[in-house]
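Enquirer: All residue numbers for the sequence shown refer to the numbering used here, where the first residue is 17 and numbers rise by one.
Can you keep this structure in mind? I'll have questions shortly.
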Amino acid sequence: MLRDPQFAGLFLTQVCTVLATSVSGLYLGTIVNEETGSPFLTSFAIFAPSLANLVSAASLMSVADTRAPRRTMTLLQVGIAVTIGAQALPVPLWARFALLLLSGALTALSAGIRLGLVSLTVGRAGYAPARSLLNLTNGAVQVTGYAFGALLVRVANAPTVFCALAALMALAAVAVVLCVRRLPPRSPAGRPPTDAGTRSARGTRSALGSTHAVNAWVLRQPRTRVLLLALWVPNGLVVGAESLFIPYAGTHAGFLLAAGAAGMMVGDLVVGRFVSRRGRGRINVAQRLLLAVPYLFFVLVLPWQLATVLAFVASLGFSASLHLQERLVEATPDERAGQVQGLEASGRTAGQGVCALAAGALAELVGPGAAISVFATASLAVTLVLSPLLRRSASD
17 MLRDPQFAGL
27 FLTQVCTVLA
37 TSVSGLYLGT
47 IVNEETGSPF
57 LTSFAIFAPS
67 LANLVSAASL
77 MSVADTRAPR
87 RTMTLLQVGI
97 AVTIGAQALP
107 VPLWARFALL
117 LLSGALTALS
127 AGIRLGLVSL
137 TVGRAGYAPA
147 RSLLNLTNGA
157 VQVTGYAFGA
167 LLVRVANAPT
177 VFCALAALMA
187 LAAVAVVLCV
197 RRLPPRSPAG
207 RPPTDAGTRS
217 ARGTRSALGS
227 THAVNAWVLR
237 QPRTRVLLLA
247 LWVPNGLVVG
257 AESLFIPYAG
267 THAGFLLAAG
277 AAGMMVGDLV
287 VGRFVSRRGR
297 GRINVAQRLL
307 LAVPYLFFVL
317 VLPWQLATVL
327 AFVASLGFSA
337 SLHLQERLVE
347 ATPDERAGQV
357 QGLEASGRTA
367 GQGVCALAAG
377 ALAELVGPGA
387 AISVFATASL
397 AVTLVLSPLL
407 RRSASD
């Protein structure tokens, strides 16, 4: 796949984006914590881009399909570079949050275009291995970004860090210009998918109207609606549980976080590269159950070594998303692939952020171990409810 110049350019763009957002998020969170001492504002600095992702998905994601992808993606990458670089200025806290929200919104739109181009580049048959590679890279780069960010907090000042990250995002824009082919928009603005019999009332819509029309169509279709729920809710609840590793394990939390990241990468590698599409379908329910069941035991006071093993085993279940994403691509008309995949990615990210905040609030009342088990139970319940619906939609 990496021998294809377009896929290689999209891959490099994702690496640059994940690295820049990981480092800037950690560094900005540290700045907010030092300036305010507020845990809530520090958490908001970390999760605000997730909420901005959802706003983009609900309002402007149609640009992933209705605008020329290379030009639009280049402008978005430049915009992200500017918003990150502006953090180097001595701006007030409200301005930092405004820049953070804008950066998150632009990142979501860029991701929608990128994922749409990935499906176009590798084809539907190659989509699961491609997403497996991208997911593996995401995990590795994110861990690297956090480790690098922790070092930079100690040795570098804010202007230097944010200017360097802005340059990294500018490099991503150059990769788009050099590697992504000049392609026309996949779909004219204002035309929701026509295979469901829906038609636009006007020949041309604004980006907002077009986004709303397609989102409404996607959520009205039983097949795509149940896939999105299965991709958003169980995973988000488990991420909420994982957000409590620090209060649960204290100084050993790093082992649990590392084990979770390793489990996710191993699962994506094995399932994406060595399991056939039919095999992915057969094991999908078991994977989604595996994602939640180990965390049921966290209500007990577990030794950190056992908790680390359980976190690794549970995170193998995140690879269930590969089959569901594959089915979502198959259920989506080609002319709306970018918007639907952008909606899926933004909804998943936003759900994880909301669940993490909700898990923290619950842990204040019942303790971290009990809250982890409650969120795992909720994830398990949602999986059991959605499983027959997913089987029914697969046979339609």
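In this text, a Cβ means the ideal position worked out from N, Cα and C, and glycines have one as well.
If you scan the segment 100-157 from start to end, which runs of the alpha helix (DSSP H) of 4 or more residues do you find wholly inside it?
Expert: Entirely contained in the segment 100-157, the alpha helix (DSSP H) runs reaching 4 residues are, in chain order, 109-138.
Enquirer: For Q237, name the three-state secondary structure that DSSP assigns.
Expert: Coil, per DSSP.
Enquirer: Would the segment 388-406 count as touching the segment 249-257 if we require 3 or more Cβ pairs under 8 angstroms?
Expert: As far as the Cβ criterion goes, the segment 388-406 touches the segment 249-257, which means the pair count is three or higher.
Enquirer: Measure the beta-carbon distance from T29 to R130 and round it to whole angstroms, keeping in mind my assumption that it falls under 8 angstroms.
Expert: Contact holds; Cβ gap of about 6 angstroms.
Enquirer: How long is the line joining the alpha carbons of L400 and S335, rounded to whole angstroms?
Expert: Each residue's Cα considered, the two are about 17 angstroms apart.
Enquirer: Skipping 5 residues on each side, what residues in its chain have a beta carbon closer than 6 angstroms to that of A182?
Expert: Taken in chain order, the residues that qualify are A97, I100 and G101.
Enquirer: Under three-state DSSP, which class holds D284?
Expert: In this structure, D284 counts as helix in the three-state DSSP scheme.
Enquirer: Once you ignore the five residues that flank G367 on each side, which residues in its own chain have a CB closer than 7 angstroms to its CB?
Expert: Contacts found: W248, V249 and G252.
Enquirer: Assuming G161 and L35 are in contact, meaning their beta carbons sit under 8 angstroms apart, how far apart are those beta carbons, in whole angstroms?
Expert: Rounded, the Cβ-Cβ distance is 5 angstroms, consistent with contact.
Enquirer: How long is the line joining the alpha carbons of E351 and D81, rounded to whole angstroms?
Expert: Going by the C-alpha atoms only, they are around 7 angstroms apart.
Enquirer: From the DSSP output, in three-state form, read off L273 for me.
Expert: Three-state result, L273: helix.
Enquirer: What is the DSSP secondary structure of M253, reduced to helix, strand or coil?
Expert: Sequence inspection shows Leu at residue 253; the Met mentioned does not correspond to that position. Residue state, collapsed to three classes: helix.
Enquirer: Starting from E360, trace the alpha helix (DSSP H) in both directions and tell me its first and last residue.
Expert: Where E360 is concerned, the enclosing alpha helix (DSSP H) stretches over A353 to V382.
Enquirer: Check the C-beta distance from A347 over to T240 and give it rounded, since I have them as a contact under 8 angstroms.
Expert: Contact holds; Cβ gap of about 5 angstroms.
Enquirer: If you draw a straight line from the C-alpha of A232 to the C-alpha of L359, how long is it?
Expert: Cα to Cα, A232 sits roughly 11 angstroms from L359.
Enquirer: Find the nearest neighbour of S78 within the set G53, V234 and L224, judged by alpha-carbon distance.
Expert: The residue with the shortest Cα to Cα distance from S78 is L224.
Enquirer: Can you tell which of G41, A104, Q158 and A387 has the C-alpha that lies nearest to the C-alpha of T176?
Expert: When each option's Cα is compared against that of T176, the closest is A104.
Enquirer: Check whether the segment 266-273 touches the segment 379-389, taking contact to mean three or more Cβ pairs, one atom from each stretch, closer than 8 angstroms.
Expert: The segment 266-273 vs the segment 379-389: no contact.
Enquirer: If M89 sits next to S40, beta carbons under 8 angstroms apart, how far is it from one beta carbon to the other, in whole angstroms?
Expert: The pair is not a contact, with the Cβ atoms about 20 angstroms apart (cut-off 8 angstroms).
Enquirer: Kindly provide the ranges of any alpha helix (DSSP H) runs that are 4 or more residues long and lie completely inside the segment 51-96, ordered along the chain.
Expert: For the segment 51-96, whole alpha helix (DSSP H) runs of length 4 or above, ordered along the chain, are 55-75 and 79-82.
Enquirer: Which word fits E258, buried or exposed, when buried means at least 16 other C-beta atoms lie within 10 angstroms of its C-beta?
Expert: E258 should be labelled buried.
Enquirer: Among Y43, P21 and L70, whose alpha-carbon lies nearest the alpha-carbon of G363?
Expert: It is L70.
Enquirer: So L406 packs on V242, CB below 8 angstroms; how close in whole Å?
Expert: Right, their Cβ atoms sit about 6 angstroms apart.
Enquirer: With a 10 Å radius around its C-beta and 16 neighbouring C-beta atoms as the bar for buried, classify N173 as buried or exposed.
Expert: Exposed, since its Cβ has fewer than 16 Cβ neighbours within 10 Å.
Enquirer: Is it right to say E290 is buried, meaning 16 or more other beta carbons lie within 10 angstroms of its own, or is it exposed?
Expert: Glu is not the amino acid found at residue 290; the sequence shown has Phe there. Looking at its Cβ environment, which holds fewer than 16 other Cβ atoms inside 10 Å, F290 is exposed.
Enquirer: If we ignore side chains and look at the alpha-carbon of each, how far apart do N300 and A141 end up?
Expert: Spanning the two alpha carbons is a distance of roughly 18 angstroms.
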